[in-house]
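Peer 1: First the structure, then my questions, so here it is.
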Amino acid sequence: MENSDSNTANVPSNSDSLSLNNAIRPPSSNSNSDYWLREFIKINQCPQREDALENQLNDLSLVAEKLGMYYAAHFIKNINTIKK
Numbered sequence: 004m005e006n007s008d009s010n011t012a013n014v015p016s017n018s019d020s021l022s023l024n025n026a027i028r029p030p031s032s033n034s035n036s037d038y039w040l041r042e043f044i045k046i047n048q049c050p051q052r053e054d055a056l057e058n059q060l061n062d063l064s065l066v067a068e069k070l071g072m073y074y075a076a077h078f079i080k081n082i083n084t085i086k087k
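Take a look at the structure:
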């Protein structure tokens, strides 16, 4: 019997998720869901940071918010709060 509450029905496409692909490809459409990817591609690679994990998580949550990934930003903030 198939689980009707399975989360696999909403798996993102390759153009929506960086985690599904190692290569970042420019989006083929102009939809709002691809807007963050177009902006992300504009950012140059930054040097590796060696500061505390808490500092990196704080900054990562800000980046997620800027890219419109509010659920991810909230999750990162919660993880960082629990870690402290």
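According to this note's numbering, the sequence shown is numbered sequentially starting from 4. We put the beta carbon where it would ideally sit given N, CA and C, even for glycine.
Does the beta-carbon of A67 have 16 or more other beta-carbons within 10 angstroms, so that it is buried, or is it exposed?
Peer 2: Buried is the call here.
Peer 1: Hey, would you say L56 sits closer than 9 Å to I79, going by beta carbons?
Peer 2: It is not a contact, given that the beta carbons lie outside the stated cut-off.
Peer 1: Using beta-carbon positions only, say whether W114 and L70 come within less than 9 Å of one another.
Peer 2: Lying before the first or after the last residue shown, residue 114 is absent from the chain, which here runs from 4 to 87.
Peer 1: Measuring CB to CB, does R52 end up less than 9 Å from N58?
Peer 2: In contact: R52 and N58 (Cβ atoms closer than 9 Å).
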